[in-house]
Structure formats: C-alpha cells, structure tokens
Amino acid sequence: MKEYLHFCDIQKDLKEGTLTCVERVQYHLNNITRKQHLNAFLTVYAEEALERAAQIDKKIKTGTAGKLAGLVVGLKDVLAYKDHPLQAGSKILNGFISQFNATAVQRLLDEDAIIIGRQNCDEFAMGSSNENSAFGPVLNDADTTRVPGGSSGGSAVAVMAGMCQVSLGSDTGGSVRQPAAFCGVIGLKPTYSRISRYGLVAYGSSFDCIGVFSKSLTDIAEVLEVIAGPDQFDSTVSNEPVPSYSTAFDENKNKKYKVAYIRETLNSPALQKEIRETIISKIDALKADGHTVEAIDFPLLEYILPTYYILATAEASSNLSRFDGVRYGHRSKDISDLQSLYKKSRAEGFGKEVQRRILLGNFVLSSSYYDAYYTKAQKVRRLIREKTKEVFKDYNFIIMPTTPTTAFKLGELTDNPLEMYLADLFSVQANVAGIPGISLPCGNDANGLPIGVQLIADDFREFDLFQFSRVFLQMN
Ligand code: GLN
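All residue numbers for the sequence shown refer to this note's numbering, where the first residue is 15 and numbers rise by one.
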C-alpha cells in the first residue's frame with residue numbers, strides 16, 4: 015500500500031476512490047499484529063472498526079461523510095468509549111465498561127473517525143515509562159530494550175509503529191510530550207481547559223489535559239479543531255472561540271518570531287549532551303532564518319517539579335478515593351467488614367506507584383502539613399504561572415528540551431522513583447502554568463534514539479504554535 019504521512023493525503027485518495035477506509039483499517043490492523051510484542055494495545059476493536067470503515071466508505075461515496083472520515087484513531091485507556099472497556103491501566107477497574115463517550119471521543123465519532131483500540135498506559139496515568147501498567151510495559155519500537163516514555167506510552171508507540179494514524183492521550187505533567195519525544199513523533203498538549211475533560215479518568219484535575227499524537231502536524235491541528243471547545247458536561251472548559259487550526263499552515267509562511275530559551279534548562283547537568291547540542295543547533299538555525307532567539311533566566315525553574323508533585327499527588331489522592339470496591343471494579347474476596355472491603359480492595363487493586371501517590375497526596379493534605387506543603391505549593395504555582403506569562407509579553411515561544419535524556423532502558427529507573435520523576439523536569443512547566451506545549455521530533459542520538467524538542471506558548475496560542483512548529487520542522 016502507498017505510504018501516507020498526512021491524513022489530508024489519505025482523505026484526498028478516499029475521495030478520489032483510489033483508497034478505502036476498510037483498506038486503511040486493515041493496514042493498521044496488520045501493523046498491530048506484526049508489532050504485537052510492543053504491547054501498545056490492550057484491546058483491538060478489529061471487527062467493529064472494519065464494519066464502521068465500510069459504513070464510512072459508503073458515506074464518502076454519497077458525499078455525506080464527516081470531516082475526519084477515515085481517520086483511524088487509538089485511545090489511551092483513560093478515555094471513555096461507550097460500551098468498551100476502560101481501566102486506566104489498572105486492575106482496580108477490572109471488568110469496567112464505559113457507559114458514555116468522552117466528549118473528545120464523541121466529537122471524533124461525529125466526524126466519522128474510526129476508533130481502532132484501547133491503548134496501554136501507566137496506571138491512572140502516573141508514570142514516565144509505561145512500566146506502571148497492570149498489563150505490562152510497552153516497548154519502544156526504536157529499541158525494544160527501552161521504554162517508550164509515559165504515561166501515554168502505548169499511544170505514542172501506536173503512532174510510531176503505524177498502528178493508527180492518530181492517538182489521543184492525556185498530559186498531566188508531560189504524558190503526551192515525553193513519550194512523543196522518546197518515540198520520535200509529534201505530541202501536543204493544548205492549553206488547560208481547551209478540551210473538555212468529560213470522560214477522561216481524573217488524575218490531577220487542575221492539570222489534566224487531553225493531548226494528541228501523530229507523525230503529522232496537520233493531523234494534530236485537524237483533530238484539535240474538532241475536539242476543542244465548550245462542553246456542557248465540563249464547566250471548566252474555556253469559552254474561548256476555537257480557531258480553524260487546520261488553516262494555520264496556509265498563511266504567514268514568512269513570519270519572524272521572538273523565541274526565548276531558559277539558560278538554566280540548557281545548563282542543567284541532567285541534560286544529555288546530544289539533546290543540548292540539538293537545541294543549540296536549532297537555535298542557530300532559527301537565528302539564521304531571521305528569528306530572534308534570546309537567553310532568559312527563570313530562577314523558579316527548580317521549584318516547578320516539586321510544586322507539580324505536591325499538587326498532582328494531592329489531587330490524585332482525592333480523585334482516586336472513589337475507587338473503593340463498592341460500586342464498580344475490583345472487590346477483594348477476603349473481606350470481613352466495610353473497612354476491610356475498602357482496604358483490601360484498594361490494596362489489591364492499585365499498583366505500587368499509585369499507592370505511593372495516594373500516600374504522598376494524603377500526607378501533603380493532612381492537617382499538620384497542609385500549609386507547609388499544599389498551600390505553599392499553590393502559591394508557588396501561581397508565581398510560576400505569572401513569571402511564565404511575563405516571558406510571553408516579550409516572546410512568542412519558549413524553546414526547551416522535552417526530556418533530559420532520550421529513552422532509558424526498561425527497569426533502569428523503576429527502583430528509584432525520584433530519578434523517574436526527574437524525567438518530567440522540562441515538561442511540567444506547561445502543566446503547572448496551564449499553557450500549551452508541543453514536542454517535535456528532532457533527529458536521533460548516537461544510539462539511534464529519537465530526540466524531542468519542546469515549544470511552549472502563552473494561553474490559547476495553539477494556532478501560532480502550529481505555524482511556528484511547521485517552520486521548525488522544515489528547518490535543518
Ligand atoms: N510523569 C508524570 C507523572 O507521573 C506525568 C504524568 C502525566 O502527565 N499523566 O505524574
């Protein structure tokens with residue numbers, strides 16, 4: 015079959031009748047079978063996807079098909095898809111079936127996208143390596159001894175290995191951008207509140223954001239345009255009008271931008287040499303292309319990660335209290351009273367990392383430590399957001415690494431949770447500030463592992479981010 019990078023080319027051929035949706039689904043199903051060892055999918059909806067593809071092929075013929083007709087999408091196992099299993103990579107949700115569609119999923123379906131399956135991820139989206147899944151780790155297709163990143167590891171690998179055209183993931187502290195960087199694909203986390211969280215399993219509700227993976231920037235723009243915007247089921251969604259993101263590539267091809275980079279990010283001892291060199295060469299190329307790139311200081315940098323881990327665990331401990339073995343999911347067999355039902359169901363159902371986060375969250379919220387940790391972290395978060403937004407008074411974008419290193423080895427950091435948390439060093443700023451960020455693939459290191467470069471922008475600047483990302487990807 016002809017190789018396609020962009021969905022718009024697929025769509026052209028679908029319309030011309032030289033390609034069918036059924037063929038497209040079959041192509042991805044073949045890749046899923048061929049690459050089964052990567053463990054990217056938890057459930058594949060093969061028959062259903064083929065049936066739906068056949069129906070959409072008919073619609074295309076009659077000219078009644080939606081905007082995303084023929085787009086084959088995979089869903090991270092944190093997004094509700096009616097009548098399909100949803101487990102957030104956890105045993106505690108064994109047997110749980112979604113009773114409704116997440117708003118983002120509904121909007122994709124309304125435009126005739128085809129959902130091909132449910133993708134593996136870290137349990138409750140907590141992790142940076144996909145090793146916290148109750149269903150085993152996902153392997154990186156660039157080197158199967160290495161992690162794909164997390165928590166949306168299955169979603170990144172699925173795009174990387176051609177198992178679907180686009181994946182939806184979630185990004186609370188980097189879970190779309192970090193695996194995108196490790197897998198050499200593009201990953202966007204939009205502004206907090208750009209996309210409804212209705213039907214997204216909650217981790218840290220003030221950070222959680224649905225994000226999009228693809229190898230093609232235009233695919234991501236087209237999908238965002240469909241899934242973003244107000245929703246009656248999520249009162250935190252912004253009413254900010256949704257621009258026609260897919261037209262971002264038609265205009266302003268020669269616009270020159272002002273870009274900042276944070277000196278401390280490039281000087282960080284944790285940063286792998288080749289990633290630093292990649293960013294420096296990108297900065298040089300941008301300057302040569304007529305853009306302004308300047309170094310800035312961001313003294314709060316070292317406080318971002320601790321702030322994130324205090325607030326995200328606090329919110330997680332509260333969000334996860336609903337999984338108690340009473341109403342749905344796993345219930346321990348070995349119970350004597352209500353207390354033991356709660357305790358044993360949760361102890362058996364949740365994995366180690368989730369338990370650690372619940373304990374940490376309860377600790378920072380406990381009455382003796384609330385002010386010292388939780389209240390303080392809230393204040394620091396506000397400062398980080400203000401200082402970050404100040405940068406955008408003078409600059410359009412900040413450029414930084416997505417990750418300190420390229421994909422690490424499976425098992426390398428599992429015994430060292432603190433080291434694992436450091437993998438999020440550069441991704442959490444966008445979440446703590448609530449602003450959009452994108453990870454763009456930028457070559458490989460000496461081991462052939464993908465390198466990701468991150469661009470972040472002010473609130474609701476996704477349109478500009480798309481335009482600049484295109485410039486960026488076209489540069490050498
Ligand atoms: N790795 C981060 C964490 O474990 C981010 C996770 C995410 O964005 N869902 O919290």
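Note that CB positions come from ideal geometry on N, CA and C, so glycine has one too.
In three-state terms, what does DSSP make of residue i?
i	result
M414	strand
G425	coil
R160	strand
A326	helix
I209	strand
Q133	strand
L439	coil
A12	Lying before the first or after the last residue shown, residue 12 is absent from the chain, which here runs from 15 to 490.
V378	helix
N445	helix
A460	coil
N154	strand
T232	helix
L33	coil
L334	helix
R48	helix
R345	coil
K403	helix
Per DSSP, which residues does residue i bridge with? Please list them.
i	result
V226	L182, L202
V467	P415, L454
I398	I398 pairs with nothing; no bridge assigned.
V485	None; V485 has no bridge partner.
L64	According to DSSP, which records beta bridges pairwise, L64 is partnered with nothing at all.
A242	I209
T57	R132
L214	L93
Please name the residue in the options whose C-alpha comes closest to that of residue i.
i	options	result
F364	A139, T76, L487, V87	A139
R236	V180, Q369, E278, A175	Note on residue identity: the sequence assigns Glu, not Arg, to residue 236. For E236, the nearest C-alpha among the options comes from V180.
Q481	D264, S169, G150, I200	D264
I222	L319, L487, T250	According to the sequence shown, residue 222 is Asp rather than Ile. Looking at the Cα atoms, T250 is the closest of the given residues.
R48	D126, K105, D155	D155
D233	C456, D23, A116	D23
E17	L352, P313, K229, A309	K229
P320	K29, D438, E137, N430	D438
C178	P313, A471, L487, A60	A60
L214	L280, L82, L182	L182
R395	I349, V442, I412, V485	V442
Around the C-beta of residue i, are 16 or more other C-beta atoms found within 10 angstroms, so that it is buried, or is it exposed?
i	result
K90	buried
L315	buried
T261	exposed
H98	buried
G88	buried
D136	buried
request  = Run through the segment 68-131 for me and flag every whole alpha helix (DSSP H) of 4 or more residues, listed as ranges in chain order.
outcome  = Correct list: 117-124.
task = With a floor of 3 residues, list each beta strand (DSSP E) that falls wholly inside the segment 255-317, ordered by position along the chain.
result = Here the runs fully enclosed are 272-276, 306-310.
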